[in-house]
Amino acid sequence: MNSSYNVSASTLQVIRDQFENANQVCEAVEMRQAKWSALFDTFPFFEAYNNYLQTCVHGRVGWYCSKLPFGKLQH
């Protein structure tokens with residue numbers, strides 16, 4: 001699934017920033033300055049972002065997936 005389908009410029013920047021952060025951690029691991037577990041450190045989501053959208057879907061997976069704009073999901 002392409003999770004960046006129809007992504008805005010600001011969201012693309014967030015994605016790029018996260019990839020850059022992950023790259024820095026990987027480089028630190030290669031230089032033995034960090035451990036791989038650093039990639040999985042808790043991210044302060046609610047402190048980092050003022051606005052977010054929370055959704056909750058209840059029901060049959062197949063029906064909801066068929067209604068999504070990017071086609072059917074594999075489940």
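So the sequence shown is residues 1 to 75, counted in full-length UniProt numbering.
Glycine residues also receive a C-beta, built at the ideal position from the N, C-alpha and C atoms.
Straight-line gap, residue i to residue j (C-alpha atoms, nearest Å)
i          : j          : result
residue 76 : residue 48 : Beyond the ends of the chain as shown, which are 1 and 75, falls residue 76; an answer cannot be given.
residue 31 : residue 14 : 26 Å
residue 17 : residue 24 : 11 Å
residue 20 : residue 56 : 30 Å
residue 10 : residue 54 : 18 Å
residue 44 : residue 51 : 13 Å
Under the three-state DSSP convention, the category residue i falls into
i          : result
residue 21 : helix
residue 7  : coil
Short Cβ contact (7 Å threshold) for residue i with residue j
i          : j          : result
residue 28 : residue 22 : no
Original post:
Which runs of the alpha helix (DSSP H), 4 residues or longer, sit entirely within the stretch 24 to 59?
Top reply: 45 to 48
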